[in-house]
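Before any comments, here is the structure.
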Amino acid sequence: MSNTLNIARKEFADLANNKYLYIVLIIFLINLLMHLVSLYNFYKEGSISDPNFVKACLFDVMYLSSIYGGVTALMIGFSSMAGELTSGALNTLIAKPVYRDTVITGKLLGCIAFMLLFFILTAILYVSSEFILCGDVMAGQLLGLFARLPFIVIIALLYVMMFFLVSVLFRTLIDDNGMALTFSVLFYFVILIIPSSSVIISNIAALLGVDKVYLLGISMIIDPKKSMVNISNSGIFDPSFSIISALSLSWLEFAKFIVIVLALLALCYISFLRRDVR
Amino acid sequence: MSGVLPIAMNEFSRIMRQPIILVIAAILFLILLVNGASSAQVIPEFLPDKDDVFLKVGVSNTMYYTSLFLSVVSMFIGVLSIAEERSRGTLRVLLAKPVFRKDVFFGKFLGISMLLLILTVTSVTLCVSAILIFYGGPLSLQDALIRLSTYTMLIFLNCVLTVAIAMLIGVAVKNILGILMLAGSLLCFEWFINIEDWLSSLLGSLKYIISQKMLFFTIMGPTGPGLLHTTMPYQVWLEDAAPYITAFLLEIIVVLVLAFLAFNGDDE
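So the sequence lines, in the order shown, correspond to chains A and B.
Residue numbers for the first sequence follow my numbering, so the first one is 11 and each next one is one higher.
Residue numbers for the second sequence follow my numbering, so the first one is 125 and each next one is one higher.
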């Protein structure tokens, strides 16, 4: 256990010292600023009512952390494996008296801790900035807002874990850095665009002679963005709605995320344990 | 020029063998074929229409995917062209040969551009041929040919600008992992972030310098209906799009010159 924690700590420190990752995080923070300004403008114009403001605030936190956080997670996963594989440090590490599963568990834990910390900081930064700017509309619902925040961070983390694990998997399976990242980015594009594309779904439906709405329903099963929309619509952002009820309404989407994450985790373990590290 | 061509040919044959080109081309071609094969059912749903639905629906439906997937190819082969050779040490060997640095840089750029031109022409041809086979021809062959040629050229220019940006990143950043991370993030953020309103309020018309995707789609339809809408005469579209096309070309030249200057000043 101590070996796992040591590796996790080192992985966390490596990520925290990666200057290229900071550039990715800065791009992420620019997006956060854009959303912040946009919500503030709605507030100034008076076009958003009190309960809707908190909903919009929570939605922004989840949207930012998941959709844009997906890119960040992709880069974190790639960087965590590629850095040590390229420099040969992983060869040295697995030559030490530690199990391979300790290495991969430690690395994954370090990365997850880094992402979790980043999302928590993002959420706190976003909510506190909005509170400073538009405190009067949020004051009455602060408790409801903070009670929902941990759930939203966990949902976002589950979502981005898919992209993180995919990039770890690709980098473990493919020796070439460029190729591994290209495949990861390609996966990101394909999974976010194809299932939700009405053009492609209409084309396939016409070709197969099936109903477009029916096919769209099937494609939504594999569309992670749609799952996030379903979770959003369950009332999780609404302070007047119970969190438990909201979670029970969207349990299927949670189960889907958990199954995908577990399957990818298993694939990452198998590929890392069985593959020669070069 | 004599030094540029062999390097361009070598670059062309090197990247042709990259499996990622085959994978992305296969996904794109499949989307284009499915679009063509379903056109017999899908296109008539939009009739009657004042525009030629062959272009407005058939070809236009594939514009986003064609530009997206070709941008992915352009970005990654662009960043890796110099960065990979530098990390393997083969760039040192190449620079030790009696060739100018400009030959190496522009040779690589030319080689990549040739491949992208072939990919773009193949994609558009495949898309159009599939629609021709399964649905039928356009209302006016001459008009369609002019518009399709311009469409192909614009998609190609979009790829060339992506390659120029990618080469600038590849030359300016020394660490290959850093290069890949920056290129990947830039690509994802460029295609997934809707920053138009924000950039408009902040930068006005200068927003087009920041967002390549925004500039590309504005060229396609600067004022309302665009290149693939036949109700807008080609001449009118061209007059509207000319300033944006000029900006696009200038951006390519500026980025390419910057990348070359960075490569030339490199102490590799």
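Even for Gly, the Cβ is constructed at its ideal location relative to N, Cα and C.
All values reported here derive from a predicted model rather than from experimental measurement.
Alpha-carbon to alpha-carbon, residue j and residue i
i: L275/A; j: I255/B; result: 42 Å
i: L171/B; j: L154/B; result: 26 Å
i: T190/B; j: S247/B; result: 7 Å
i: G245/A; j: I40/A; result: 28 Å
i: S138/A; j: S260/A; result: 28 Å
i: S92/A; j: N187/A; result: Here residue 92/A turns out to be Ala, not Ser, going by the sequence shown. A92/A and N187/A: Cα-Cα distance of roughly 7 Å.
i: F199/A; j: V239/A; result: 18 Å
i: E94/A; j: N388/B; result: 31 Å
i: V297/B; j: M189/A; result: 19 Å
i: I369/B; j: I343/B; result: 7 Å
i: L135/A; j: M171/A; result: 22 Å
i: V209/A; j: S195/B; result: 20 Å
i: S89/A; j: G260/B; result: 49 Å
i: Q266/B; j: M305/B; result: 45 Å
i: W361/B; j: V166/B; result: 27 Å
i: L361/A; j: L118/A; result: Look at the range of chain A in this structure, 11 to 288, and you will see that residue 361/A is not part of it.
i: G235/B; j: E135/B; result: 5 Å
i: M148/A; j: I253/A; result: 18 Å
i: I201/A; j: D364/B; result: 36 Å
i: T249/B; j: L351/B; result: 17 Å
i: I231/A; j: S194/A; result: 21 Å
i: L179/A; j: M125/A; result: 18 Å
i: A325/A; j: L159/A; result: Residue 325/A lies beyond the residue range present for chain A, which begins at 11 and ends at 288; the question has no answer from this structure.
i: L84/A; j: S177/A; result: 6 Å
Of the residues the options, the one placed nearest residue i, counting alpha carbons only
i: M238/B; options: L218/B, V197/B and A371/B; result: V197/B
i: I262/B; options: F280/B, K180/B, M356/B and I303/B; result: Per the sequence shown, residue 262/B should be read as Pro rather than Ile. If we check each option's Cα against that of P262/B, K180/B comes out closest.
i: A18/A; options: D111/A, N240/A and I130/A; result: D111/A
i: I269/A; options: L175/A, I162/A, F69/A and I33/A; result: In the sequence as displayed, the identity of residue 269/A is Val instead of Ile. It is L175/A.
i: L233/B; options: Q359/B, L362/B and I131/B; result: The sequence given here places Phe at residue 233/B; Leu does not occur at that position. Of the candidates Q359/B, L362/B and I131/B, the one whose C-alpha sits nearest the C-alpha of F233/B is I131/B.
i: F282/A; options: M171/A, L259/A, I184/A and I210/A; result: I184/A
i: L281/B; options: M187/B, F372/B and N388/B; result: F372/B
i: A157/A; options: F251/A, V47/A and S260/A; result: F251/A
i: F141/A; options: L49/A, S212/A, L118/A and T182/A; result: L49/A
i: I145/B; options: E169/B, V128/B, F178/B and M199/B; result: M199/B
i: P346/B; options: F313/B, A366/B, D176/B and A307/B; result: A366/B
i: S205/B; options: I303/B, L382/B and I343/B; result: I303/B
i: L278/B; options: T244/B, K221/B and L374/B; result: T244/B
i: I242/B; options: F224/B, C283/B and A307/B; result: C283/B
i: I257/B; options: L157/B, E314/B and A386/B; result: L157/B
i: L219/B; options: A296/B, F193/B, G127/B and V287/B; result: G127/B
i: N159/B; options: G182/B, E169/B, I151/B and A149/B; result: G182/B
i: Y169/A; options: S229/A, M230/A and E263/A; result: E263/A
i: Y188/B; options: M140/B, T276/B and P143/B; result: T276/B
i: S75/A; options: N13/A, N243/A, A215/A and F129/A; result: F129/A
i: V81/A; options: E314/B, Q359/B and L352/B; result: E314/B
i: H45/A; options: F161/A, I58/A and Y73/A; result: Y73/A
i: Y78/A; options: V381/B, C312/B and F384/B; result: C312/B
i: L196/A; options: A150/B, I289/B and R138/B; result: A150/B
i: S137/B; options: I270/B, I201/B and V379/B; result: I201/B
i: I162/A; options: D24/A, C144/A, T96/A and V71/A; result: V71/A
Chain A residues whose Cβ lies nearer than 8 Å to that of residue i
i: P143/B; result: M189
i: F313/B; result: I37, N41, Y78 and V81
i: V196/B; result: T192, V195, L196 and F199
i: N185/B; result: V209 and N213
i: N208/B; result: Checking the sequence, you will find Glu at residue 208/B rather than Asn. Ordered by position in chain A, the residues that pass the 8 Å Cβ test against E208/B are G188.
Within chain A, partners of residue i - CB distance below 7 Å
i: I300/B; result: N187
i: F200/B; result: G188 and T192
i: S309/B; result: V34, I37, V81 and M85
Contacts of residue i in chain A (Cβ-Cβ under 9 Å)
i: F153/B; result: Chain A residues near F153/B: none, gap ~14 Å exceeds 9 Å.
Neighbouring residues, chain B, relative to residue i (Cβ below 9 Å)
i: G93/A; result: L301
i: T96/A; result: S211, I300 and L301
i: F88/A; result: L301, L304, M305 and G308
Amino acids of chain B, ordered along the chain, whose beta-carbon sits closer than 7 Å to that of residue i
i: T182/A; result: Going along chain B, no residue has its Cβ under 7 Å from T182/A, so there is no contact; the nearest lies around 15 Å.
i: L217/A; result: V158, A161 and S162
i: N213/A; result: V158, N159, S162 and V166
i: F129/A; result: The contacting residues do not exist; F129/A stays about 17 Å from chain B at best.
Chain B residues whose Cβ lies nearer than 8 Å to that of residue i
i: N31/A; result: Inspection of the sequence shows that residue 31/A is occupied by Leu rather than by Asn. Within chain B, the residues near L31/A are M305.
Ignoring anything shorter than 4 residues or poking outside the region 256–296 of chain B, list the alpha helix (DSSP H) runs there in chain order. 265–296
4-residue-minimum alpha helix (DSSP H) runs that sit fully inside the region 26–97 of chain A, ordered along the chain: 29–55, 60–73 and 79–97
Chain E contacts made by the region 346–366 of chain B, where a contact means CB separation under 9 Å: Note that chain E does not occur in the displayed structure, where the protein chains are A and B.
Going residue by residue through the region 151–215 of chain A, where are the continuous alpha helix (DSSP H) segments of at least 4 residues, counting only ones entirely within it? 152–183 and 187–203
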